[in-house]
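Report on the structure given below.
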């Protein structure tokens, strides 16, 4: 019995037949892989620019809380579910809320980094596309962080939510935003935790062929429940991140595979094909 499953770890091998049927060209996947040192410098540079840009948005406390009230009122006007419902479910178990805080603190960057490394090694064409999409999404997020500082729901009294990281741990933020030199706590919109997680799922679904690849959508779903349940983000933060990612995906298309390796048929083989066709 023949198996219908195909290995998911190989780059799609698309052969292109010439019109004279004498040559077959296959994509050279190694040629699509950019130099490693250049990519390391590029990714590190983009990360530093983003971190520095977020720091520029610090200090807008009054505007951040004013925007928080606007977002909270907009969610109620749109009849979005309350963030408190997710948090109440997490608070039903101290183990569960601690796991959610740990997920928020430790999964975001490592998961994205491993995703990019895997694409670079196994799917270079998809890696270049994904890096461009993530860079565009992050740049758009930085513009919003600078132009629309937003206090997260854990800081908003009207939300009546618990700062779960400070109460149960672990926390990646200082207890007072003004003393936090490592992160800008007023950069809630959009949620890059969710945006990057969603792109990870999209990238893995596009780059693989396994029938189970759609399960990657569980990662952004779990991330969404975590960022909302820990009161680090509003629902609208995730909605805006999804919209920005959708625009980036519409503008930045997956490059088509190149065809640089030429395989020529031998003369006897061509004669055999010709004689067979004439019968």
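In our numbering, the protein residues as written are -3 to 275.
Each residue gets a CB set at the ideal place from its N, CA and C atoms; glycine is no exception.
Given the structure is predicted, the values throughout are model-derived calculations rather than measurements.
Below 7 Å CB to CB, which residues in the same chain sit around residue 288 once its five sequence neighbours on both sides are set aside? Since the displayed the chain opens at -3 and closes at 275, residue 288 lies outside it and no answer follows.
Assuming residue 159 contacts residue 227 (C-beta within less than 8 Å), just tell me the rounded distance between them. 6 Å
Are residue 276 and residue 142 closer than 8 Å when you measure CB to CB? Past the edges of the chain, shown from -3 to 275, lies residue 276, and the structure says nothing about it.
CA nearest to the CA of residue 196, picked from 60, 233, 59, 238: 238
Determine, using beta-carbon pairs with one atom in the region 69 to 89 and one in the region 131 to 146, whether at least three such pairs fall under 8 Å. no
Integer Cβ distance of residue 104 from residue 189, believed to fall under 8 Å: 5 Å
Do residue 148 and residue 229 have their C-beta atoms within less than 8 Å of each other? yes
Quick check on the DSSP output: what are the complete beta strand (DSSP E) runs of length 3 or more inside the region 130 to 202, in order along the chain? none
Among the candidates 164, 146, 235, 249, whose CA atom is the shortest distance from the CA of residue 83? 164
Are the beta-carbon atoms belonging to residue 236 and residue 186 less than 8 Å from one another? yes
Can residue 29 and residue 120 be called in contact, C-beta distance under 8 Å? yes
Among 46, 200, 97, which has the Cα closest to the Cα of residue 118? 200
Using the Cα positions of residue 144 and residue 232, report the straight-line distance between them to the nearest angstrom. 13 Å
From 66, 35, 216, residue whose alpha carbon lies closest to that of residue 123: 35
What span of residues does the alpha helix (DSSP H) with residue 70 cover, start to end? 57 to 73
From this set, 113, 134, 67, 81, which residue's C-alpha is nearest residue 44's C-alpha? 134
Considering Cα atoms alone, identify which of 56, 97, 244 is closest to residue 162. 97
Residue 97, DSSP secondary structure in three states: helix
Rounded separation between residue 146 and residue 59 - CA only: 8 Å
Could you tell me the distance, in whole angstroms, from the CA atom of residue 224 to the CA atom of residue 169? 16 Å
With H, G and I counted as helix, E and B as strand and the rest as coil, what does DSSP make of residue 1? Reliability of the predicted coordinates at residue 1 is poor, the pLDDT of 40 falling under 50, and the value obtained from them is presented with this limitation in mind. Of the three classes helix, strand and coil, the one that applies to residue 1 here is coil, per DSSP.
Taking the alpha carbon of residue 253 as the point to measure from, which residue in 31, 209, 203 has its own alpha carbon closest? 203
Do the CB positions of residue 240 and residue 194 come within less than 8 Å of each other? no
For residue 79 and residue 85, what's the separation of their Cα atoms in angstroms? 10 Å
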